[in-house]
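**Student:** Dropping a structure here in structure tokens format, bear with me for questions.
Protein chains in written order, with the working numbering: chain A, 26 to 391; chain B, 1479 to 1869.
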């Protein structure tokens, strides 16, 4: 008679190797050092988290018209509420702030239109790059179609910060590409002009460039010809960011295999044809994350315009901190600014990471 | 068929070489013309405003105080001296910042890789928070929110002989007495001895394969010999302790709040970036390397030190260099909270008082340029030393 081998059913894994207990043992208490580190971290969390939550949420005052209203002992968010418009729009006339809002909505709608499949993407891009800035400029500055004129010295707050960042990056993009191509060129003079420009700008801090823009540009222009401070600062920011953009683009150009250049030449394409049709589309796709990263860096760096006397988002926060009605709300102001900057920068860095994954077409060499 | 290699339509303009030449001549002409145009405008403008060019103002008395100076400086000193004071302040803050940021960065980078979930999360929170908030905001926060909220001198926090208040961090000031030269001699002697020890240990290891804990023992040698000489000389150091009075603190050494705020902001901010570089560097080392080291029987810390770290450093050093450069350049933000560094003193006060825009801004750019250049030269040297020697 045959003996049928019948295995008894497997026992479940021991409770110490699966489930929450195992996870805690593996990740928090695997060795004496780890046990110490876990308790040390818990202690740090205990020191930081409860007081911050208590200050920012539980004991906070949300409404009021002066510091005197904040008696709960926690954060005085009423300060942010009162100053909110100034933080967003600077000294832009209150009745006119709808123009800024309209411009923002317009941009969001136009960018959002890319999602519509039937729309012509080329026309849309042209509309965003060429038409929109003109419309936005007249909306912001006014003086036409019965819009009240608003001087650029009144522009400020988060509006100015975003304006500086976006114009800086958009304007520096073509300049950066030209500089990068120049640096990779075989023409010695063109190459050295680009190298000298890029390396000089990269060697000095942005603040010296801003000082140069606000103090030295008037000295270099003929008598009588002068333009306003915002434009000068924008030129400074654009030149600065173009040097960094050039290095990012150069990274992309170098990553394109030589065969692509040779193939474009073999097809009989001229230099500009081969660059525009073959090399740049591939190179720029590679460096999109790098471009987003330099945008994040530039966005953070726009705070420096405060030092040359422009009141961007951080500048308005600093100015509001000196209000005698609201003495002692420094931390609230900085916390609010930090939160806004953090959301924008962190959001962009996550976006760049997701873009990197999306654009990954399997050509990456490991 | 003709065997010409040039195309039949070989007019002068169709030749690539000629076109490149013409383009470059045009470019050069444009650059020269733009330079000439700007320069002539500059001359005209300066003449109109009655500003004389040149650095002669460097010999005039500056007339403004500088709060933080490591060399003697009073209001009666010249602009030249003020420039040197500011230069030293910039160097000091950059150097200390680089050292501190590296320490913070390495610790946080390793912490983010930790197997301990909680430690890794905390490090991630630290890195992602500090990286995404502008440095200037962080500096303002430390200076106007944290340090300005400290108590007045009479209510200072006290730790041992240290005082912490609005005016800064006060510490005992060591003052050398007679016989201190002997201690310095002992210290130099111990340094020489420890270097000798390290060289000997290395040679012996190459020759016999025997390992000697040279770094730990040389630390012992340095501390030991210096201490012996201290004892022989009868401890020739006295400490000038800070004393708090009603409105002020007298004596001791002080780290002013401007300095502390700039240093803390710079090193924590750059530290977050360095942490990511360190993490990426260590992750870039193939796991097979660790497994191979283990199969050779190396212990965990030796695996890290001898196998993983040297390979990770090759990936780490180039981006680390650019972080160091960023830190040195970012030290210029100290101007915003009145830390008297180069931008604040030269491009701020000196420029305002003398109106010499070209000279002051040019000088600052030159200094930052050379600072950047020297950091990158040093790091390139180090990179070459560490890089893979290919055969």
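All C-beta atoms in this analysis are idealised placements derived from N, C-alpha and C, irrespective of residue type, glycine included. Note that the coordinates shown come from a computational prediction; the quantities given were computed from them, not determined experimentally.
#1: Pull up the distance between the alpha-carbon of residue 1808 (chain B) and that of residue 1667 (chain B), whole angstroms please.
#2: Does DSSP put residue 393 (chain A) in a helix, in a strand, or in coil?
#3: Could you check whether the Cβ of residue 311 (chain A) sits closer than 8 Å to any Cβ belonging to chain C?
#4: What's the gap between the Cα of residue 342 (chain A) and the Cα of residue 368 (chain A)?
#5: On the DSSP letters alone, give me the boundaries of the beta strand (DSSP E) that residue 1648 (chain B) sits inside.
#6: Could you tell me which chain A residues have their CB closer than 8 Å to the CB of residue 1618 (chain B), listed as they occur along the chain?
#7: Which residues, taken in chain order from the region 233-248 of chain A, show a beta carbon closer than 8 Å to some beta carbon of chain B?
#8: Would you call residue 1777 (chain B) buried or exposed, if buried means 16 or more other Cβ atoms sit within 10 Å of its Cβ?
#9: Any idea what DSSP makes of residue 75 (chain A), helix, strand or coil?
#10: Just the C-alpha distance for residue 1822 (chain B) and residue 1764 (chain B), rounded to the nearest angstrom, thanks.
#11: Within 10 angstroms of its Cβ, does residue 292 (chain A) collect 16 or more other Cβ (buried), or is it exposed?
#12: Considering just the uninterrupted stretch of the beta strand (DSSP E) at residue 1731 (chain B), what are its terminal residues?
#13: Between residue 1716 (chain B) and chain A, is there a C-beta pair that is closer than 8 Å?
#14: What would DSSP say about residue 1591 (chain B), mapped onto helix, strand or coil?
#15: Keeping to the same chain, check which residues put their C-beta closer than 8 Å to that of residue 1481 (chain B); ignore five residues upstream and five downstream.
#16: Taking the alpha carbon of residue 85 (chain A) as the reference point, which residue from A:101, A:92, A:77 and A:70 has its own alpha carbon closest?
#17: Cα-Cα, which of B:1550, B:1640 and B:1735 is closest to residue 1817 (chain B)?
#18: Can the beta-carbon of residue 336 (chain A) be found less than 8 Å from the beta-carbon of residue 193 (chain A)?
#19: To which residues does DSSP link residue 1716 (chain B) through a beta bridge?
#20: How about residue 1754 (chain B): is its C-beta nearer than 8 Å to some C-beta of chain A?
#21: Looking only at C-alpha atoms, which of B:1779, B:1773, B:1762 and B:1805 sits nearest to residue 1791 (chain B)?
#22: By a C-beta neighbour count over all protein chains shown, 10 Å radius and 16 as the cutoff for buried, is residue 1722 (chain B) buried or exposed?
#23: Compute the Euclidean distance between the alpha carbons of residue 53 (chain A) and residue 45 (chain A), then round it to the nearest angstrom.
#24: Quick one: complete beta strand (DSSP E) runs, 3+ long, within the region 1596-1666 of chain B?
#25: Can you check DSSP and say which residues form a bridge with residue 337 (chain A)?
#26: Look up residue 1558 (chain B) in the DSSP assignment and say whether it is helix, strand or coil.
#27: Taking its Cβ as the centre, do 16 or more other Cβ atoms sit within 10 Å of residue 256 (chain A), making it buried, or is it exposed?
#28: What residues in its chain sit with their C-beta under 6 Å from that of residue 1828 (chain B), if we drop five residues either side in the sequence?
#29: Locate the alpha helix (DSSP H) running through residue 281 (chain A), then write down its first and last residues.
#30: In three-state terms, what does DSSP make of residue 175 (chain A)?
#31: How should residue 1634 (chain B) be labelled, buried or exposed, when 16 other C-beta atoms within 10 angstroms of its C-beta is the threshold for buried?
#32: Is the CB of residue 363 (chain A) under 8 Å away from at least one CB in chain B?
#33: Taking just the CA atoms, how far does residue 60 (chain A) sit from residue 36 (chain A)?
#34: Nearest chain A C-beta to residue 1501 (chain B) closer than 8 Å, yes or no?
#35: Please classify residue 95 (chain A): does DSSP put it in a helix, a strand, or coil?
#36: Would you mind giving the Cβ-Cβ distance between residue 1657 (chain B) and residue 1712 (chain B), rounded to the nearest angstrom? I have them listed as a contact below 8 Å.
**Tutor:** For this structure:
#1: 39 Å
#2: Past the edges of chain A, shown from 26 to 391, lies residue 393 (chain A), and the structure says nothing about it.
#3: No chain C appears in the structure shown, which is made up of the protein chains A and B.
#4: 17 Å
#5: 1646-1649
#6: 339, 343 and 359
#7: 233, 236, 237, 240, 241, 243, 244, 245, 246, 247 and 248
#8: exposed
#9: helix
#10: 47 Å
#11: exposed
#12: 1731-1733
#13: no
#14: coil
#15: Only weak support is given to the placement of residue 1481 (chain B): the predicted model assigns it a pLDDT of 49, under 50, and the value that follows is read from those uncertain coordinates. Contacts found: none.
#16: A:101
#17: B:1735
#18: no
#19: B:1653
#20: no
#21: B:1762
#22: buried
#23: 11 Å
#24: 1635-1637, 1640-1643, 1646-1649 and 1651-1654
#25: A:182
#26: helix
#27: exposed
#28: 1557 and 1838
#29: Premise fails: residue 281 (chain A) is in no alpha helix (DSSP H) and is neither H nor E.
#30: coil
#31: buried
#32: yes
#33: 30 Å
#34: yes
#35: coil
#36: 7 Å
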